[in-house]
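Q: Next up is a structure, given as structure tokens.
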Amino acid sequence: MSDDQQPTDQPPESEVSEVSDAAEERARQLRQQVEQRPTIPIDQFKRKSRRSFLTGAAGVAGAFLGWRWIQDQGTDDGIPQVLRNTLEVNEGLWSNLSKNRTAPEYPVSKATPIQVNGRIGIRTDVDIDDWALVVEGPDGEQIDELDLADFEAMPQDDMVIEHKCIEGWSSIVHWGGVRYRDFHERYADEVGDVKYVGLETPDGQYYVGWDIESILNPQTMLALREGTEPLDQAHGAPLRLATPNKYGIKCLKRIGVIRYTNERPPDYWAERSYDWYAAL
Amino acid sequence: MSTDALPVDEPATEPIDEPVAGPVDGPVDGSAAEPVARLKHPRAIRWLHWINFPLLFVMIWSGLRIYWAEDVYAFGIGSWQWFAFFPEAIYENLDLERRLARGMAFHFAFGWLFVINGVIYTIYLALSGEWRTILPDRRTPKEAKDVVLHDLHLKKKAPPQGIYNAAQRMSYTIVLIMAAIIVVTGFAIYKPTQLYPLPLLFGGYQGARVIHFAMTIGLLLFFLVHVIQVIRAGWNNFRAMVTGYEVEYPGTITDEDDGRPPSDPASGDEVDTSADVDEESPVDAAAEVAR
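Line order of the protein sequences matches chains A and B. As numbered in my numbering, residues 3 to 282 make up the first sequence, in order. As numbered in my numbering, residues 433 to 723 make up the second sequence, in order.
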């Protein structure tokens with residue numbers, strides 16, 4: 003808009019003093035913002051006005067109907083279908099936008115003990131000596147069974163990462179254990195280009211689903227230790243998942259089954275209205 | 433200055449007065465006594481403004497459902513809390529409890545619409561030149577303070593204004609900045625790994641959460657003051673955001689607008705002498721902002 007020219011064609015009031023010049027000029031410049039805008043006669047305005055208010059009323063009605071449409075449609079795992087679809091669109095977007103990015107890691111001195119948030123699937127203590135982990139291939143057949151000694155024999159790693167709970171809190175945790183991708187090497191040929199991994203507690207009460215790319219991220223760990231100590235029962239002894247790249251709801255404690263599959267695995271919290279992908 | 437200006441978003445107390453041109457101005461078939469309607473808000477601004485309203489509402493509502501799950505923020509020192517966000521009654525009455533998952537589902541769907549609407553608005557402001565009516569220039573902060581004082585009846589004369597008064601310009605600009613911050617911190621919380629190192633700008637993941645929350649409270653406060661001021665400003669002003677046009681009644685022109693220089697004592701204090709150097713060349717608001 004060309005409001006940069008307002009020289010002396012202003013209606014002249016003879017006494018233009020030096021002092022008042024600045025304020026006068028300022029007022030005139032600002033007034034020009036208004037004066038530049040077109041005017042219309044009142045009867046034309048009345049017609050426009052009626053149309054605008056009718057449009058506005060239609061807009062309000064449309065917004066109301068849109069809201070009802072969202073609320074009244076069928077749900078998919080607890081949330082309206084359109085919102086579930088949107089979560090999946092978001093998943094497609096973010097999983098393709100940048101692959102295999104890693105979160106920052108911290109010095110060990112920053113780590114703090116992690117709080118216990120949930121006991122689903124681990125309400126009774128497990129006998130570590132009896133514990134075994136079953137690995138299943140995409141055809142549903144058991145392809146391996148491992149005990150704690152097997153995991154202790156695998157290459158060990160450490161990471162100090164920010165664990166993020168979907169509720170909002172986070173804490174920097176020192177995990178020790180086996181990187182999932184190292185574990186996966188043992189079965190890579192056997193399972194081939196599989197799309198998903200489903201994990202379950204031994205009692206089947208808690209179960210999570212992971213896409214293969216996320217679980218093969220170098221920061222996804224099968225943790226045996228918090229700090230240098232073996233995991234205690236409440237934190238998922240003897241073996242749990244840990245990652246900074248998905249919410250804590252995906253970090254299954256006390257893993258009993260690891261199932262390679264091409265079907266999207268069921269997920270405890272996704273069935274209860276949450277996002278299946280839950281990636282950060 | 434921003435603390436002065438933030439809550440004051442003030443269409444002039446007598447809404448139809450100040451921006452009105454002199455009677456000679458109206459191209460109304462000769463009769464100067466006839467009111468005319470003058471365009472105030474272009475169509476795009478009106479649509480984007482009204483679309484933003486329900487979107488922002490859904491974002492704040494679903495955001496509070498998310499916040500409920502870990503409602504740790506409070507004003508206070510040490511263990512003494514002056515005000516904790518939020519009192520239990522608010523959660524109960526607004527159905528915010530145990531709705532984290534639904535809150536997230538709505539937040540991450542409507543968030544896109546909120547962002548798209550805001551981006552279009554920003555682009556429109558930039559390309560149309562409408563930004564000149566909103567962005568403050570060098571003198572706006574002081575004028576905004578005067579608007580506040582005038583509003584509180586501590587100052588007789590309101591400073592000159594264009595489409596918006598100085599306090600409106602300050603607050604609309606600050607709100608736009610807050611909206612930008614809320615979007616960027618929102619993304620930092622939403623995808624802290626994917627968008628790393630974005631969270632670092634805000635002191636990390638938890639820092640981004642605090643800022644995101646603070647901006648929400650800021651927008652709520654703005655909304656509160658905005659509604660109060662719109663009510664105070666009256667129907668003609670409100671109608672302009674629906675129809676685009678504000679009706680000008682020639683009978684109600686103020687002194688300030690009839691071409692008289694502000695030599696009267698009441699307005700004398702409004703002359704910003706420090707700006708005198710620039711006054712030879714008429715510098716419009718736009719050019720000043722551009723510096």
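Cβ coordinates follow ideal geometry from the N, Cα and C atoms, glycine included.
Would you call the segment 474 to 488 of chain B and the segment 499 to 506 of chain B in contact, with 3 or more CB pairs under 8 Å?
A: No: fewer than three Cβ pairs fall under 8 Å.
Q: Look up B/V642 in the DSSP assignment and give the residues it is bridged to.
A: Position 210 of the second sequence, counted from the first residue, corresponds to residue 642 of chain B. B/V642 is not bridged to any residue.
Q: In whole angstroms, give me the CA-to-CA distance for A/L99 and B/L627.
A: In the first sequence, residue 99 of chain A corresponds to position 97, counting from 1. In the second sequence, residue 627 of chain B corresponds to position 195, counting from 1. Approximately 10 Å, taken between the alpha carbons.
Q: Under a CB-based cut-off of 8 Å, is A/Q83 close to chain B?
A: Position 81 of the first sequence, counted from the start, is the residue given in the question as residue 83 of chain A. It does not; no Cβ of chain B falls within 8 Å.
Q: Apart from the five residues on each side of it in sequence, which residues of its chain come closer than 8 Å, Cβ to Cβ, to B/F542?
A: Counting from 1 along the second sequence, the entry for residue 542 of chain B is found at position 110. The residues are L487, V490, M491 and S494.
Q: Quick one, which residues of the segment 496 to 524 of chain B are near chain A if we go by CB-CB under 8 Å, in chain order?
A: For the segment 496 to 524 of chain B, which is checked against every Cβ of chain A, the residues closer than 8 Å are I498, Y499, A501, E502 and V504.
Q: Quick check: A/R103 and B/T625, are their CB atoms within less than 8 Å of each other?
A: Locating residue 103 of chain A in the first sequence gives position 101, counting from the first residue. Locating residue 625 of chain B in the second sequence gives position 193, counting from the first residue. Yes, they are a contact pair.
Q: Where does the unbroken beta strand (DSSP E) through A/P43 begin, and where does it stop?
A: Position 41 of the first sequence holds residue 43 of chain A. Unbroken beta strand (DSSP E) run through A/P43: T41 to P43.
Q: Using a beta-carbon distance below 8 Å, is A/E215 in contact with chain B?
A: In the first sequence, counting from the first residue as 1, residue 215 of chain A sits at position 213. It does not; no Cβ of chain B falls within 8 Å.
Q: Of all the options A/R181, A/T203 and A/I174, which has the alpha carbon lying nearest to the alpha carbon of A/R125?
A: Position 123 of the first sequence, counting from 1, holds the residue named residue 125 of chain A. Residue A/T203 is the option with its Cα nearest to A/R125.
Q: By Cβ distance below 7 Å, which residues in the same chain neighbour B/N549 in space, the five residues on each side in sequence not counted?
A: Position 117 of the second sequence holds residue 549 of chain B. Counting only Cβ-Cβ distances below 7 Å, and skipping sequence neighbours, we find L480, I483, N484 and L487.
Q: Would a check of beta-carbon distances place A/V118 closer than 8 Å to chain B?
A: Position 116 of the first sequence holds residue 118 of chain A. No, A/V118 lies away from the interface with chain B (no Cβ there is under 8 Å from its Cβ).
Q: Leaving out five residues before and five after A/P268 in sequence, what residues of the same chain have Cβ atoms less than 8 Å from its Cβ?
A: Counting from 1 along the first sequence, the entry for residue 268 of chain A is found at position 266. Within the same chain, A/P268 has close Cβ partners G200, Y209 and G211.
Q: In its own chain, which residues sit with a C-beta less than 6 Å from the C-beta of B/M647, not counting the 5 before and 5 after it?
A: For the purposes of this step, residue 647 of chain B is identified with residue 215 of the second sequence, where counting begins at 1. Cβ within range, chain order: M610, I613 and I614.
Q: When you compare each of A/L224, A/E154 and A/W171 to A/H186 by their alpha carbons, which one comes out closest?
A: Along the first sequence, read from residue 1 onward, the residue named residue 186 of chain A stands at position 184. Of the candidates A/L224, A/E154 and A/W171, the one whose C-alpha sits nearest the C-alpha of A/H186 is A/L224.
Q: For A/Q34, count neighbouring Cβ atoms within 10 angstroms of its own Cβ and tell me buried if that reaches 16, exposed if not.
A: Walking along the first sequence from the start, residue 34 of chain A turns up at place 32. Buried, since its Cβ has 16 or more Cβ neighbours within 10 Å.
Q: For A/W96, return the contacting residues in chain B, with the cut-off set at a CB-CB distance below 7 Å.
A: As a working note, residue 96 of chain A is residue 94 in the first sequence. Chain B residues near A/W96: K623 and Q626.
Q: What span of residues does the beta strand (DSSP E) with B/I509 cover, start to end?
A: Indexing the second sequence from 1 puts residue 509 of chain B at position 77. Looking at the DSSP string, the run of the beta strand (DSSP E) that includes B/I509 is A506 to I509.
Q: Work out the CA separation of B/L630 and B/L557 for me, nearest whole Å.
A: Along the second sequence, one-based indexing puts residue 557 of chain B at 125. Along the second sequence, one-based indexing puts residue 630 of chain B at 198. Each residue's alpha carbon lies about 26 Å from the other.
Q: Checking the sheet assignment: what are the DSSP bridge partners for B/A469?
A: Position 37 of the second sequence holds residue 469 of chain B. In the DSSP output, where bridge partners are listed per residue, B/A469 has A/I42 and B/V679.
Q: Taking Cβ-Cβ distances shorter than 9 Å, what residues in chain A pair up with B/K472?
A: The sequence position of residue 472 of chain B within the second sequence is 40, counting from 1. Near B/K472 (Cβ distances below 9 Å), the residues of chain A are V36 and R39.
Q: Take every Cβ of the segment 141 to 149 of chain A, pair it with every Cβ of the segment 585 to 600 of chain B, and state whether three or more of those distances are shorter than 8 Å.
A: At 8 Å Cβ cutoff, the stretches do not touch.
Q: In terms of alpha-carbon separation, which member of B/H658, B/G676 and B/L567 lies closest to A/F55?
A: As a first step, residue 55 of chain A is located in the first sequence; it is residue number 53 there, counting from the start. Nearest option by C-alpha distance: B/G676.
Q: For A/I180, count neighbouring C-beta atoms within 10 Å of its own C-beta (all shown protein chains included) and say buried if the count is 16 or more, exposed if not.
A: Translated into positions along the first sequence, residue 180 of chain A becomes position 178. Checking the sequence, you will find Val at residue 180 of chain A rather than Ile. By the neighbour-count rule (16 or more Cβ atoms within 10 Å), A/V180 is buried.
Q: Nearest-angstrom Cα distance between A/M156 and A/L148?
A: Position 154 of the first sequence, counting from 1, holds the residue named residue 156 of chain A. Position 146 of the first sequence, counting from 1, holds the residue named residue 148 of chain A. Distance between the alpha carbons of A/M156 and A/L148 is about 11 Å.
Q: Do you know offhand how far A/V91's Cα is from B/M536's?
A: Along the first sequence, read from residue 1 onward, the residue named residue 91 of chain A stands at position 89. Along the second sequence, read from residue 1 onward, the residue named residue 536 of chain B stands at position 104. Cα to Cα, the separation comes out at about 14 Å.
Q: Taking A/L243 as the reference, which of A/C253, A/Q235 and A/Y249 has the closest Cα?
A: Position 241 of the first sequence, counted from the first residue, corresponds to residue 243 of chain A. The residue with the shortest Cα to Cα distance from A/L243 is A/C253.
Q: Inspect the beta-carbon positions of A/R256 and A/A239 and report whether they are closer than 8 Å.
A: By 1-based counting over the first sequence, the position of residue 256 of chain A is 254. By 1-based counting over the first sequence, the position of residue 239 of chain A is 237. In contact: A/R256 and A/A239 (Cβ atoms closer than 8 Å).
Q: Rounded to a whole number of angstroms, what is the C-alpha to C-alpha distance between B/E575 and A/A25?
A: What you label residue 575 of chain B is simply residue 143 of the second sequence in a count that begins at 1. What you label residue 25 of chain A is simply residue 23 of the first sequence in a count that begins at 1. Near 11 Å, if we compare the C-alpha coordinates of A/A25 and B/E575.
Q: Can the beta-carbon of B/Y637 be found less than 8 Å from the beta-carbon of A/E164?
A: Here residue 637 of chain B refers to the residue found at position 205 when the second sequence is read from its first residue. Here residue 164 of chain A refers to the residue found at position 162 when the first sequence is read from its first residue. Taking 8 Å as the Cβ cut-off, B/Y637 and A/E164 qualify as a contacting pair.
Q: Does B/W667 come within less than 8 Å of chain A when only Cβ atoms are used?
A: Here residue 667 of chain B refers to the residue found at position 235 when the second sequence is read from its first residue. False, the Cβ-Cβ gap to chain A never drops below 8 Å.
Q: By DSSP, does B/A533 sit in helix, in strand, or in coil?
A: As a first step, residue 533 of chain B must be located in the second sequence, where it is residue number 101. Residue state, collapsed to three classes: helix.
Q: Can you give me the start and stop residues for the beta strand (DSSP E) that A/S111 sits inside?
A: The residue you call residue 111 of chain A lines up with position 109 of the first sequence. A/S111 -> no beta strand (DSSP E), and no H or E assigned at all.
Q: Please state whether the Cβ-Cβ distance between A/E231 and B/A501 is less than 8 Å.
A: As a position in the first sequence, residue 231 of chain A is number 229, starting the count at 1. As a position in the second sequence, residue 501 of chain B is number 69, starting the count at 1. Result no, Cβ atoms of A/E231 and B/A501 do not sit closer than 8 Å.
Q: Provide the residue span of the beta strand (DSSP E) that contains B/T565, from first to last.
A: Counted from its first residue, the second sequence places residue 565 of chain B at position 133. Segment W563 to I566 is the alpha helix (DSSP H) holding B/T565; no beta strand (DSSP E) there.
Q: Going along the chain, which residues of the segment 102 to 114 of chain A sit with their C-beta nearer than 8 Å to a C-beta in chain B?
A: Listed by position, the residues of the segment 102 to 114 of chain A near chain B (Cβ gap below 8 Å) are R103, T104, A105 and P106.
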